[in-house]
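Notes to accompany the following structure.
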């Protein structure tokens, strides 16, 4: 890896201002250790090499390394030293590594830091500055100075004030019992302990496999609340799974509005529910233990531990629904959709129909891009009627037909009741398009609609170059449209784009 770097004397780096954003007194270092150099990497660097920041300095006379792109180390980056200098890292992109242990070194990352397992900052002579987000399995801070400008997505451990409201403060809560017995002396363990760091470097088991946040942060709230299931203009999204109900509510999502958000989590089999909301960049958490009165959650209380459990379950539910939504999300040709809707315009009033066409268009787009919200929230009743929860692949064609039906542009005639009882719906459609009504043979006073009836009607309409077609997305009922026969081919082709068969019976 080092051969990819361009060596520059530390003197030149100081004189050109190359390392001005770092806080160490490099002039003092340069005067006491002349001849030191830094390595500058102009492109992204990926390596499997283990990096010991003290050895780089002590053995190779390297004062530090500058990466003008991303740095990806499929290994550990470690500084074992307490009271002596170690090479700095200045990464202008993202830093990714398996484990990161920082003692006296200075590390400055302008992007995100992604640590697969453990990030440790220990001792008060070092500094880590992350301008982006920190993602780590576990972040341990021990009398060290780490600043994260972005979001923190990590389980946190700290025994002092360096991390506000850490998840854990007792080593025994995060260490495996055998590791605690080996490493802890008189119930004390220093994060810079050489044996601890060596185990981390070698990938030996040290920490418990399942560590969860004890306290929920505003970042946790945002990640759950701002999920991929929300259509842009939707205020409330509810997810139900077995006994669990998770509702995400938002307001102020329009331009210029102040944004507010809340999450409600309930278990139907327990007299316990939680309400969380953001207010002035603070997270408010309330608990209802079955008496319909919400109270503040006391820190370190049983209610706080239950909230964490509920919140974790909500995260699992949302993740499951997001995967489901991604599976059934459908790409559609919006231009063809818009054209098809306008082909069924029954009037010459363009402005009036534009509102109708827009409503139908938006309904189909919702079904295509947000099938979960369409089926389980916005059009829940219609979806239950159509059985879409069990057949979500039909969301788009059903949304198109139901949208046209809801605006009276189609007629739906059931097949389990006599046609005479349902002829009104067909007559309303005929009146809208052609100002006509339909007759039926006497036998249909007791029998339902069938193909012979459509042949009967179309034989009469043919001389006027008009016809009734059946739109069939795979359901039993007859969904009928009135069309001019000159547009039969075009409508048939466009309906097929949305998985709808057309039948013109003559």
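Residue numbers (UniProt numbering): 1 to 506.
Don't be surprised by glycine CBs; every beta carbon is placed ideally from N, CA and C.
None of the values given here were measured: they were computed from a predicted structure.
Next item on the list: Give the DSSP-derived three-state secondary structure of residue 265 in the structure shown.
Entry: Against the chain shown, residue 265 aligns to sequence position 265. Strand.
Notebook entry, point to check: Helix or strand or just coil, what does DSSP make of residue 74?
Noted result: For the purposes of this step, residue 74 is identified with residue 74 of the chain shown, where counting begins at 1. The answer is strand: DSSP assigns residue 74 an E or B state.
Checklist line | Cutoff 7 Å; reference residue 289; Cβ partners in own chain excluding five residues on either side | finding: To locate residue 289, count along the chain shown from 1; it is residue 289. Scanning its chain for C-beta atoms nearer than 7 Å, with the 5 sequence neighbours on each side dropped, one finds around residue 289 the residues 271, 272, in chain order.
Checklist line | Whole-angstrom C-beta distance between residue 64 and residue 82, which should lie under 8 Å | finding: As a first step, residue 82 is located in the chain shown; it is residue number 82 there, counting from the start. As a first step, residue 64 is located in the chain shown; it is residue number 64 there, counting from the start. Not really, about 18 Å apart at Cβ, beyond 8 Å.
Margin query: Quick check on the burial criterion: 16 or more other C-beta atoms within 10 angstroms. Buried or exposed for residue 146?
Written below: As a position in the chain shown, residue 146 is number 146, starting the count at 1. Buried: at least 16 other Cβ atoms inside 10 Å.
Check: Going by Cα to Cα distance, which pick from 263, 53, 180, 204 is closest to residue 222?
Finding: Within the chain shown, numbered from 1, the residue matching residue 222 stands at position 222. Selected option, being the one with the closest Cα: 263.
Checklist line | Other residues of its chain near residue 60: CB distance less than 8 Å, five sequence neighbours each side excluded | finding: Residue numbering aside, residue 60 sits at position 60 when the chain shown is read from its first letter. Excluding positions up to five away in sequence, the list reads 2.
Notebook entry, point to check: With which residues is residue 309 paired in a DSSP beta bridge?
Noted result: In the chain shown, residue 309 corresponds to position 309, counting from 1. As computed with DSSP, residue 309 is found in no beta bridge at all.
Margin query: Only counting the same chain, and skipping five residues up and downstream in sequence, which positions put a Cβ closer than 8 Å to that of residue 336?
Written below: Mapped onto the chain shown, residue 336 falls at position 336. Result list for residue 336: 494, 497, in chain order.
Margin query: Quick check: the Cα distance between residue 149 and residue 111, rounded to an integer number of angstroms?
Written below: Reading the chain shown from its first residue, position 149 is the one you call residue 149. Reading the chain shown from its first residue, position 111 is the one you call residue 111. Spanning the two alpha carbons is a distance of roughly 10 Å.
Margin query: What residue range does the alpha helix (DSSP H) around residue 475 cover?
Written below: The residue you call residue 475 lines up with position 475 of the chain shown. Where residue 475 is concerned, there is no enclosing alpha helix (DSSP H), given that its DSSP letter is neither H nor E.
Item checked: Simplified DSSP state of residue 3, which is helix, strand or coil -> The residue given as residue 3 occupies position 3 in the chain shown. Correct three-state label for residue 3: helix.
Next item on the list: Check residue 341 in the structure and name its three-state DSSP category.
Entry: Position 341 of the chain shown, counting from 1, holds the residue named residue 341. If DSSP states are grouped into helix, strand and coil, residue 341 belongs with the helices.
Next item on the list: Compare the Cα-Cα distances from residue 374 to each of 442, 415, 236 and report the closest residue.
Entry: Here residue 374 refers to the residue found at position 374 when the chain shown is read from its first residue. For the residues 442, 415, 236, the minimum Cα distance to residue 374 belongs to 236.
Notebook entry, point to check: Is residue 198 buried or exposed, if buried means 16 or more other CB atoms sit within 10 Å of its CB?
Noted result: Within the chain shown, numbered from 1, the residue matching residue 198 stands at position 198. Per the 10 Å Cβ criterion, exposed.
Margin query: Less than 8 Å between the beta carbons of residue 119 and residue 22, yes or no?
Written below: In the chain shown, the residue the question calls residue 119 occupies position 119. In the chain shown, the residue the question calls residue 22 occupies position 22. Contact flag unset, no.
Checklist line | Backbone CA spacing between residue 253 and residue 278 [nearest angstrom] | finding: If you number the chain shown from 1, residue 253 lands on position 253. If you number the chain shown from 1, residue 278 lands on position 278. In this prediction, residue 253 scores a pLDDT of 48, lower than 50, which makes its location untrustworthy; the coordinate-derived value is nonetheless stated afterwards. Whole-angstrom Cα-Cα distance: 14 Å.
Item checked: Cα-Cα separation between residue 464 and residue 409, rounded to whole angstroms -> Looking up residue 464 in the chain shown gives position 464. Looking up residue 409 in the chain shown gives position 409. Roughly 20 Å separates the two Cα atoms.
Check: Can you name, in chain order, every residue of its own chain whose Cβ lies under 6 Å from the Cβ of residue 96, other than the five neighbours on each side?
Finding: Here residue 96 corresponds to residue number 96 of the chain shown, with the count starting at 1. So the list reads 72, 114, once near-sequence residues are dropped.
Check: In three-state DSSP terms, what is residue 234?
Finding: The residue given as residue 234 occupies position 234 in the chain shown. The answer is coil: DSSP assigns residue 234 none of H, G, I, E or B.
Margin query: Quick check on this structure: which residue in 247, 467, 143, 56 has the alpha carbon closest to the alpha carbon of residue 344?
Written below: Walking along the chain shown from the start, residue 344 turns up at place 344. Nearest option by C-alpha distance: 467.
Next item on the list: Can you tell me which of 184, 320, 427, 306 puts its alpha carbon nearest to the alpha carbon of residue 216?
Entry: As a first step, residue 216 is located in the chain shown; it is residue number 216 there, counting from the start. Minimum Cα distance to residue 216 is reached at 306.
Next item on the list: Helix, strand or coil for residue 514, going by three-state DSSP, please let me know.
Entry: Summary: the structure shown does not reach residue 514, with the chain confined to residues 1 through 506, and so no result is reported for it.
Notebook entry, point to check: Whose C-beta lies closer than 7 Å to the C-beta of residue 477 among residues of the same chain, with five residues either side of it excluded?
Noted result: Looking up residue 477 in the chain shown gives position 477. Excluding sequence neighbours, residue 477 sits near 412, 413, 414, 415.
Margin query: DSSP three-state label for residue 297, please.
Written below: Within the chain shown, residue 297 is the residue found at index 297, counting from 1. Three-state DSSP puts residue 297 in coil, outside helix and strand.
Next item on the list: Could you tell me the distance, in whole angstroms, from the CA atom of residue 406 to the CA atom of residue 479?
Entry: Here residue 406 refers to the residue found at position 406 when the chain shown is read from its first residue. Here residue 479 refers to the residue found at position 479 when the chain shown is read from its first residue. Whole-angstrom Cα-Cα distance: 12 Å.
Notebook entry, point to check: Can you tell me the Cα-Cα spacing of residue 269 and residue 240, whole angstroms?
Noted result: Position 269 of the chain shown, counted from the start, is the residue given in the question as residue 269. Position 240 of the chain shown, counted from the start, is the residue given in the question as residue 240. Rounded to whole angstroms, residue 269 to residue 240 spans 13 Å at the Cα level.
Check: Roughly how many whole angstroms lie between the Cα atoms of residue 449 and residue 430?
Finding: Taking the first residue of the chain shown as 1, we reach residue 449 at position 449. Taking the first residue of the chain shown as 1, we reach residue 430 at position 430. Answer to the nearest angstrom: the Cα atoms are 16 Å apart.
Item checked: Three-state secondary structure (DSSP) of residue 509 -> Missing from the structure shown is residue 509; the chain here goes from 1 to 506 and no further.
Notebook entry, point to check: Should residue 506 be labelled buried (16 or more other beta-carbon atoms within 10 Å of its own) or exposed?
Noted result: Position 506 of the chain shown, counting from 1, holds the residue named residue 506. The C-beta of residue 506 has fewer than 16 other C-beta atoms within 10 Å across all chains shown, which makes the residue exposed.
Margin query: Does the structure place the stretch 441-456 close enough to the stretch 352-361 that three or more beta carbon pairs sit under 8 Å?
Written below: no
Notebook entry, point to check: Using CA coordinates, which residue listed in 260, 293, 296 is at the minimum distance from residue 280?
Noted result: Translated into the one-based positions of the chain shown, residue 280 becomes position 280. Among 260, 293, 296, the Cα nearest to that of residue 280 is on 260.
Notebook entry, point to check: DSSP three-state call for residue 435: helix, strand or coil?
Noted result: One-based indexing of the chain shown puts residue 435 at position 435. Looking at residue 435 - three-state DSSP - the assignment turns out to be coil, as it is neither helix nor strand.
Next item on the list: Taking residue 153 and residue 134 to be in contact with their CB atoms under 8 Å, please state how far apart those CB atoms are, rounded to whole angstroms.
Entry: In the chain shown, counting from the first residue as 1, residue 153 sits at position 153. In the chain shown, counting from the first residue as 1, residue 134 sits at position 134. The pair is a contact, with the Cβ atoms about 7 Å apart (cut-off 8 Å).
Checklist line | Separation of residue 74 from residue 51, as counted between CA atoms | finding: Numbered from its first residue, the chain shown carries residue 51 at position 51. Numbered from its first residue, the chain shown carries residue 74 at position 74. Computed Cα separation, rounded: 10 Å.
Note to self: Let's test the definition: count the other Cβ atoms within 10 Å of the Cβ of residue 86 and tell me whether it reaches 16, buried, or not, exposed.
What the structure shows: For the purposes of this step, residue 86 is taken as the residue at position 86 of the chain shown. By the 10 Å Cβ count, residue 86 comes out buried.
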